[in-house]
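Presented below is the structure to which this report refers.
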Amino acid sequence: MTPPQPASSRPGSSRAPAASGGFAKNLVIERLHQEFYEIYLEFIRKKFYQIYKIIIKKMKENEKFIKKYKNPKKIENFHKRN
Numbered sequence: 001m002t003p004p005q006p007a008s009s010r011p012g013s014s015r016a017p018a019a020s021g022g023f024a025k026n027l028v029i030e031r032l033h034q035e036f037y038e039i040y041l042e043f044i045r046k047k048f049y050q051i052y053k054i055i056i057k058k059m060k061e062n063e064k065f066i067k068k069y070k071n072p073k074k075i076e077n078f079h080k081r082n
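Count the sequence shown with the UniProt record's numbering and you get residues 1 to 82, in order.
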């Protein structure tokens, strides 16, 4: 005597056969995608923050330069010295 077959594999059944382990596999893949996406976003945030710090540093250096040589006479003296 053969064991009973699932309804989807019986002759005359209109349901499609169930994928073996397909649902669990999709959940695992979905979770891996989510973890990869979170790691990717964290990497991008760090890179943008590094670029942001560099830009702020350069802007502050530029402000110091402008304040130091704001007076036109100081700029003339600077050029005379160099």
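Beta carbons are placed, not taken as given, at the ideal position from N, Cα and C, and that holds for glycine.
Suppose you measure from the CA of L32 to the CA of K68; what does that come to, to the nearest Å? 54 Å
Distance, Cα to Cα, I54 vs K47? 11 Å
Roughly how many angstroms lie between the CA atoms of Q50 and F23, to the nearest whole one? 41 Å
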